[in-house]
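Note that the protein sequences, when read in sequence, are chains A and B.
Read in order, the letters of the first sequence are residues 1 to 114 in full-length UniProt numbering.
Read in order, the letters of the second sequence are residues 1 to 114 in full-length UniProt numbering.
Positions of the beta carbon are idealized from the N, C-alpha and C atoms, including for glycine.
Number of protein chains: 2
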Amino acid sequence: MNNHTVESCSKAKMAIRDTLDVVGGKWKLVLISVLQSGKKGFNELSREAGISPRILSKELHEMEMNGLVSRTVCHTKPITVQYELTAYSQTLNEVLIAMQKWGHLHRQKIISRE
Amino acid sequence: MNNHTVESCSKAKMAIRDTLDVVGGKWKLVLISVLQSGKKGFNELSREAGISPRILSKELHEMEMNGLVSRTVCHTKPITVQYELTAYSQTLNEVLIAMQKWGHLHRQKIISRE
DNA sequence: GTTATCTGTTACAAAAAGGATAGTACTTAC
DNA sequence: GTAAGTACTATCCTTTTTGTAACAGATAAC
Chain A
1 MNNHTVESCS
11 KAKMAIRDTL
21 DVVGGKWKLV
31 LISVLQSGKK
41 GFNELSREAG
51 ISPRILSKEL
61 HEMEMNGLVS
71 RTVCHTKPIT
81 VQYELTAYSQ
91 TLNEVLIAMQ
101 KWGHLHRQKI
111 ISRE
Chain B
1 MNNHTVESCS
11 KAKMAIRDTL
21 DVVGGKWKLV
31 LISVLQSGKK
41 GFNELSREAG
51 ISPRILSKEL
61 HEMEMNGLVS
71 RTVCHTKPIT
81 VQYELTAYSQ
91 TLNEVLIAMQ
101 KWGHLHRQKI
111 ISRE
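Structure representation (structure tokens):
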């Protein structure tokens, strides 16, 4: 099903796919949302997002590779690591805010129908 | 603006999850984007989005149940079906536009680094 | 020396998502 | 009656994603 005609590959479609490639899936936007309250350690992030270490590790790697989060090792007594949003990740703010607003709106719609 | 209390954070998380539940995955936003150029038949949609009939059928069902598209049977010579965006689906415009813009921005960033 | 914390990783399993192919049912055109 | 177009559905299979549990290396507290 690889019909890459000019028509079937409109700019809008491609852009949305690009976005989904970077930030799609179950966790990345949630993680960014959690990290917006400040830098966090690995376990802290795991607890607050409700994500298992294995998945968290994978997601953070991907996000780091895409320049969305930075990883800083702190040479404390038990070594800790701080994950922090990058400046680039803030270009996603519009997306995040729009999704937060819509999620809220949709929930209201569902609730008001019961 | 940056009021990141624990409460507002978990709300944000929930809202994002809600949105992803309805509109997450590989196809729904792409389908909406394609349908923005007007109502389309099943095969037409399949071709333009590059999605197989099986998946398309499933996605359309889910989108219909969530009030995002309407299905209209036209009693033409060979029966045709029109899928069309609902008014409610337009509440997703902000999300779509933000994602389109970001996808484009991100692609520029990637390209300019090569 | 056992327990606990931190940051992860590894192995295994399950579930969800997605895709390929073909087929159904109906109608029109040739 | 064969082909082609409409709208799907069924079956089977692969890939991707997600989860659980255990473990590892390091440090510190008890």
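Beta-carbon proximity check, Tyr83/B vs Lys40/B, cutoff 9 angstroms: yes
Between the CA atoms of Leu68/A and Met14/A - distance to the nearest angstrom: 20 angstroms
From the beta carbon of Arg17/A, is the nearest beta carbon of chain B less than 9 angstroms away? yes
Measure how close the beta-carbons of Trp102/A and Thr86/B come, nearest whole angstrom, since I'm counting them as under 8 angstroms. The Cβ separation is near 14 angstroms, so there is no contact.
Chain B beta carbons: is any one of them nearer than 9 angstroms to that of Ser46/A? no
State the DSSP-derived secondary structure class of Ser46/A, mapped to helix, strand or coil. helix
Is Met99/B near Leu20/A, with beta carbons less than 9 angstroms apart? yes
Here's the rule: buried if 16 or more other CB atoms are within 10 angstroms of the residue's CB, otherwise exposed. What is Glu7/A? Residue confidence is low: Glu7/A scores 42 on pLDDT, short of 50, so the model does not pin down where it sits. No coordinate-derived value is stated.
Can you list, in chain order, the stretches of the alpha helix (DSSP H) that have 4 or more residues and sit fully within the UniProt domain "HTH hxlR-type" (9-111) of chain A? 11-23, 28-35, 42-49 and 53-65
9 angstroms is my cut-off, CB to CB: does Glu94/A come that close to chain B? yes
Counting only beta-carbon atoms, is Ser10/A nearer than 9 angstroms to chain B? yes
Less than 7 angstroms between C-beta atoms, sequence neighbours within five positions excluded: which residues of the same chain meet that for Val22/B? Asn66
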